[in-house]
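Enquirer:
Numbering (this note's numbering), first residue to last: 359 to 516.
1) Assuming residue 492 is part of the alpha helix (DSSP H), what are its boundary residues?
2) Would you mind stating whether residue 440 and residue 457 have Cβ atoms separated by less than 8 Å?
3) Going by the CB atoms, is the gap between residue 430 and residue 492 shorter than 8 Å?
4) Is DSSP giving residue 515 helix, strand or coil here?
5) Quick one: using the 10 Å Cβ neighbour count with 16 as the cut-off for buried, is residue 434 buried or exposed?
6) On the DSSP bridge assignment, give the partners of residue 453 in chain order.
7) Given residue 497, which residues of its chain have a CB within under 7 Å of its CB, disregarding the five upstream and five downstream residues?
8) Specify the secondary structure class of residue 432 as computed by DSSP and reduced to three states.
9) Helix, strand or coil, according to DSSP, for residue 464 in the structure here?
10) Comparing alpha-carbon positions, which option in 480, 461, 474 lies nearest residue 467?
Right under this line is the structure:
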């Protein structure tokens, strides 16, 4: 039986080599990836997370386990998640523009000034939310991965 070939679907931005109307003189490669993580990057070679520090970034965390007691939008979880997101943002120098909590996923629109604090923020914030919601702690793990995939990050375009 022949192995089925998978095709990677990514969002791509095309621009002329001379620049665009929004950014005259700025050279952009013909195909520049603007999203990273999520379902699209499963089974794909690891690459650096594309990051445009001049535009807001939308981070999406999704979980199939977030149902019932583990739902992200229950009254206790929603308040705790909002607090974790804002406290960690202050710690790493990130400004939060919006938080959308839909029960099984959390979407955060934010602005960051540097790559390293943003990576640290993603790692700590996602781990703390998963631990808070599942009740996992040292010696008592949840037993499975809470988040479905890597955090999906996309540049917000007007």
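Here a beta-carbon is modelled for each residue, glycine too, at the ideal position from N, C-alpha and C.
Expert: The short version:
1) Taking the chain shown and counting its residues from 1, one reaches residue 492 at position 134. Note, residue 492: alpha helix (DSSP H), 473–492.
2) One-based indexing of the chain shown puts residue 440 at position 82. One-based indexing of the chain shown puts residue 457 at position 99. Yes, they are a contact pair.
3) On the chain shown, position 134 is the one that residue 492 refers to. On the chain shown, position 72 is the one that residue 430 refers to. For the 8 Å CB-CB criterion, residue 492 and residue 430 do not form a contact.
4) Position 157 of the chain shown, counted from the start, is the residue given in the question as residue 515. Residue 515 falls in the coil class under three-state DSSP.
5) Here residue 434 is taken as the residue at index 76 of the chain shown, counted from 1. Residue 434 sits exposed, since fewer than 16 C-beta atoms from the chains shown fall within 10 Å of its C-beta.
6) Numbered from 1 along the chain shown, position 95 holds the residue referred to as residue 453. In DSSP, residue 453 forms a bridge with 469.
7) Reading the chain shown from its first residue, position 139 is the one you call residue 497. Contacts found: none.
8) Taking the chain shown and counting its residues from 1, one reaches residue 432 at position 74. Coil, per DSSP.
9) In the chain shown, counting from the first residue as 1, residue 464 sits at position 106. Of the three classes helix, strand and coil, the one that applies to residue 464 here is strand, per DSSP.
10) Reading the chain shown from its first residue, position 109 is the one you call residue 467. The shortest C-alpha separation from residue 467 is found at 480.
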